[in-house]
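Reviewing the structure listed below.
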Amino acid sequence: MATQEIENLFTNIVERVKSLDPENTRKWFDDLSVGYFNGGSLRIYCPDESIAQYLEDKCKSTFTQAAQQATGYLVSVDFSAAETSKDKTEEIDISGLKLHPDYTFDNFVVGPSNRLAHASCIAISHSPGNTYNPLFIYGNSGLGKTHLLHAVCFETKRKNSNAVIRYHSCEDFVNRFIRAIERGDLAGFQDEFRNADMLLIDDVQFLSDREHSQEEFFHTFNALYNNGKQIILSSDSPPTEIKSLEERLISRFNWGLVTRVDPPSHDTRVAIVQKKSHLRGIGISDDVAEYVARKAQANIREIEGALTRIYAVAATMQKPVDINIARAALGGHAMTEVRHISITDIIDVVTDYFDVRLADLQSKKRSQSITEPRQICMYLARSLTRHSLEEIGGHLGGRDHTTVMHACSKIDKMQKNDTKTQVLLAQLTKQITQSPRG
Ligand code: ADP
Ligand code: MG
Numbered sequence: 402m403a404t405q406e407i408e409n410l411f412t413n414i415v416e417r418v419k420s421l422d423p424e425n426t427r428k429w430f431d432d433l434s435v436g437y438f439n440g441g442s443l444r445i446y447c448p449d450e451s452i453a454q455y456l457e458d459k460c461k462s463t464f465t466q467a468a469q470q471a472t473g474y475l476v477s478v479d480f481s482a483a484e485t486s487k488d489k490t491e492e493i494d495i496s497g498l499k500l501h502p503d504y505t506f507d508n509f510v511v512g513p514s515n516r517l518a519h520a521s522c523i524a525i526s527h528s529p530g531n532t533y534n535p536l537f538i539y540g541n542s543g544l545g546k547t548h549l550l551h552a553v554c555f556e557t558k559r560k561n562s563n564a565v566i567r568y569h570s571c572e573d574f575v576n577r578f579i580r581a582i583e584r585g586d587l588a589g590f591q592d593e594f595r596n597a598d599m600l601l602i603d604d605v606q607f608l609s610d611r612e613h614s615q616e617e618f619f620h621t622f623n624a625l626y627n628n629g630k631q632i633i634l635s636s637d638s639p640p641t642e643i644k645s646l647e648e649r650l651i652s653r654f655n656w657g658l659v660t661r662v663d664p665p666s667h668d669t670r671v672a673i674v675q676k677k678s679h680l681r682g683i684g685i686s687d688d689v690a691e692y693v694a695r696k697a698q699a700n701i702r703e704i705e706g707a708l709t710r711i712y713a714v715a716a717t718m719q720k721p722v723d724i725n726i727a728r729a730a731l732g733g734h735a736m737t738e739v740r741h742i743s744i745t746d747i748i749d750v751v752t753d754y755f756d757v758r759l760a761d762l763q764s765k766k767r768s769q770s771i772t773e774p775r776q777i778c779m780y781l782a783r784s785l786t787r788h789s790l791e792e793i794g795g796h797l798g799g800r801d802h803t804t805v806m807h808a809c810s811k812i813d814k815m816q817k818n819d820t821k822t823q824v825l826l827a828q829l830t831k832q833i834t835q836s837p838r839g
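Below, the structure written as structure tokens:
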């Protein structure tokens with residue numbers, strides 16, 4: 402095959418992968434290239450090791466399937482970071498670290514919920530061992546602890562490619578320890594861990610109730626700490642609340658900085674939705690980002706799940722992502738009900754429900770019986786249509802965008818704090834999205 406033909410084939414394969422597996426598709430798929438293709442096997446060159454690892458773990462079977470569809474026969478696929486980097490000086494060797502290519506500082510959205518944890522990680526990347534040692538980050542699942550730990554690894558490697566970094570889940574640390582004992586090679590294990598320049602252990606709550614591993618970890622900690630090496634730990638709870646953790650470990654974990662990550666605010670969630678969709682190479686409008694942020698509130702994994710569902714629905718319907726697709730994916734409505742919603746649809750349902758007239762909503766009246774339905778109209782128009790704040794204000798008596806914004810945040814707060822509003826909004830939304838219109 403001529404080079405051009407191979408390149409066309411490869412483009413075809415990548416496009417197929419994108420539609421077969423939107424969840425794992427990333428924008429940087431466009432940076433992949435063909436290492437070689439000899440008919441039976443295809444080697445794909447990747448910009449770096451973490452990307453090769455990611456593709457090997459998550460996308461191998463999809464690439465195999467796509468290659469088979471594109472060629473008509475079975476092709477074995479592998480991924481390699483060799484000889485790929487467009488700019489050699491940028492290349493960082495992170496082999497063996499198993500880092501997720503998405504988990505960089507660039508891809509991390511900073512907000513009030515994670516500002517301190519993020520700032521400490523940045524500070525450590527600039528000057529490991531000298532600022533906070535150890536750094537202990539805790540918080541519920543899905544709030545970005547692992548992401549931050551990986552980001553420190555990437556950044557430290559970028560600054561100092563010779564740094565010996567060990568990043569492990571605590572479970573991995575424990576399993577390696579047990580295997581080393583079984584093999585009778587404890588010295589080898591200790592060598593590996595105690596000679597690192599930086600040690601990151603994710604989910605240290607796993608040490609809970611594990612006496613021998615705690616003992617070993619204690620000595621690992623001391624060896625590194627005494628040599629001024631950086632230690633970063635993450636956990637689902639603060640040191641004192643990890644069940645059956647030895648006192649001496651609790652006290653050491655508290656020596657440096659202990660910082661918590663909280664669930665993200667609405668604005669941070671919106672920014673995360675935008676960041677994540679950008680990473681997947683799919684644009685998302687502000688109203689969809691707002692909508693997803695409202696739907697997925699508990700943690701960021703939920704946001705990613707929501708995006709995946711939206712992309713799947715859009716792919717099935719072969720339509721670009723918009724608010725109706727998002728509603729269909731997350732609102733639990735049947736996909737056939739996806740259709741355009743206008744502000745008039747919303748006003749119809751709301752005036753009907755509250756038994757008020759449109760003229761009242763548009764008037765200057767400020768009694769609660771009028772302001773409430775007016776504000777609900779604004780809120781629903783914001784979440785169910787693509788109209789701007791100005792346009793929504795225009796439909797409701799020429800009110801300016803700050804009034805609409807105020808209404809939206811007021812209703813949003815209400816629905817978060819009382820179930821009655823939540824139920825009411827759900828009921829109205831259902832009527833608006835499902836009632837037949839001629
Ligand atoms: P944890 O380790 O706290 O359970 P993770 O680090 O695994 O959480 O995060 C779960 C997902 O959420 C990951 O895909 C991660 O990239 C994403 N995530 C978490 N916080 C942020 C953030 N502030 N900005 C962007 N993505 C985030
Ligand atoms: Mg984690």
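Numbering (the numbering used here), first residue to last: 402 to 839.
Each residue gets a CB set at the ideal place from its N, CA and C atoms; glycine is no exception.
Original post:
Residues bridged to Q862 by DSSP?
Top reply: This structure cannot speak to residue 862, because the chain is shown only from 402 to 839.
Original post:
Taking three-plus beta-carbon pairs below 8 angstroms as touching, is the region 579-590 in contact with the region 638-652?
Top reply: no
Original post:
What does a CB cutoff of less than 8 angstroms around E705 pick up in its chain, not counting 5 residues either side in sequence?
Top reply: The count along the sequence shown starts at 1 and reaches residue 705 at position 304. If we look at E705 and ignore the five residues flanking it on each side, its Cβ neighbours are K677.
Subject >> Cutoff 6 angstroms; reference Y626; Cβ partners in own chain excluding five residues on either side >> reply: Sequence index remark: in the sequence shown, residue 626 carries index 225 (1-based). So the list is empty, once near-sequence residues are dropped.
Original post:
From the DSSP output, which residues share a beta bridge with I445?
Top reply: Counting from 1 along the sequence shown, the entry for residue 445 is found at position 44. V435, F480.
Subject >> R368: first and last residue of the uninterrupted alpha helix (DSSP H) it sits in >> reply: The structure shown does not extend to residue 368, since the chain is modelled only from 402 to 839, so the question has no answer here.
**OP:** Can you tell me which of P721, D746, Y712, H796 puts its alpha carbon nearest to the alpha carbon of L731?
**Re:** Your numbering for residue 731 matches position 330 in the sequence shown. The option with the nearest alpha carbon to L731 is Y712.
Subject >> Residue range of the beta strand (DSSP E) that includes T898 >> reply: Any property of residue 898 remains undetermined from this structure, which presents the chain solely from 402 to 839.
Original post:
Between H667 and T404, what straight-line distance do the alpha-carbon atoms span, to the nearest angstrom?
Top reply: Taking the sequence shown and counting its residues from 1, the one referred to as residue 667 is at position 266. Taking the sequence shown and counting its residues from 1, the one referred to as residue 404 is at position 3. If you take the alpha carbons of H667 and T404, they lie about 49 angstroms apart.
Original post:
What's the C-alpha gap between R702 and S514?
Top reply: Locating residue 702 in the sequence shown gives position 301, where the first residue counts as 1. Locating residue 514 in the sequence shown gives position 113, where the first residue counts as 1. Each residue's alpha carbon lies about 16 angstroms from the other.
Original post:
Is S542 near the ligand MG, going by C-beta to nearest heavy atom under 8 angstroms?
Top reply: As a first step, residue 542 must be located in the sequence shown, where it is residue number 141. S542 Cβ: within cutoff of the ligand MG.
**OP:** Determine, using beta carbons only, whether N468 and V478 come nearer to each other than 9 angstroms.
**Re:** Here residue 468 refers to the residue found at position 67 when the sequence shown is read from its first residue. Here residue 478 refers to the residue found at position 77 when the sequence shown is read from its first residue. Reading off the sequence, residue 468 comes out as Ala, not Asn. The answer is yes: Cβ separation under 9 angstroms.
Original post:
Ordered along the chain, which non-local residues of its own chain (more than five positions away) have a Cβ less than 8 angstroms from that of N596?
Top reply: For the purposes of this step, residue 596 is identified with residue 195 of the sequence shown, where counting begins at 1. V565.
Original post:
Cα-Cα, which of T412, V435, S462 is closest to D422?
Top reply: As a position in the sequence shown, residue 422 is number 21, starting the count at 1. The shortest Cα separation from D422 among T412, V435, S462 belongs to S462.
Original post:
Does the Cβ of D688 have 16 or more other Cβ atoms within 10 Å, making it buried, or fewer, making it exposed?
Top reply: Reading the sequence shown from its first residue, position 287 is the one you call residue 688. By the neighbour-count rule (16 or more Cβ atoms within 10 Å), D688 is buried.
Original post:
According to DSSP, is Y568 helix, strand or coil?
Top reply: Position 167 of the sequence shown, counted from the start, is the residue given in the question as residue 568. In this structure, Y568 counts as strand in the three-state DSSP scheme.
**OP:** Note the first and the last residue of the continuous beta strand (DSSP E) segment covering Y539.
**Re:** Position 138 of the sequence shown, counted from the first residue, corresponds to residue 539. Taken as a continuous stretch (DSSP letters only), the beta strand (DSSP E) holding Y539 covers 536-539.
Original post:
By the 10 Å Cβ neighbour count, where 16 or more other Cβ atoms means buried, how is V671 classified, buried or exposed?
Top reply: Residue mapping note: residue 671 aligns to position 270 of the sequence shown, counting from 1. By the neighbour-count rule (16 or more Cβ atoms within 10 Å), V671 is buried.
Subject >> Inter-stretch contact at 8 angstroms, needing at least 3 Cβ pairs: the region 544-553 / the region 639-658 >> reply: no
Original post:
Relative to the ligand ADP, is the shortest distance from any of its heavy atoms to the C-beta of H667 smaller than 8 angstroms?
Top reply: On the sequence shown, position 266 is the one that residue 667 refers to. At a cut-off of 8 angstroms, the beta-carbon of H667 does not count as near the ligand ADP: no heavy atom of the ligand is closer than that.
Original post:
Is it the case that the CB of H548 approaches a heavy atom of the ligand ADP more closely than 8 angstroms?
Top reply: Mapped onto the sequence shown, residue 548 falls at position 147. Within the cutoff, so yes.
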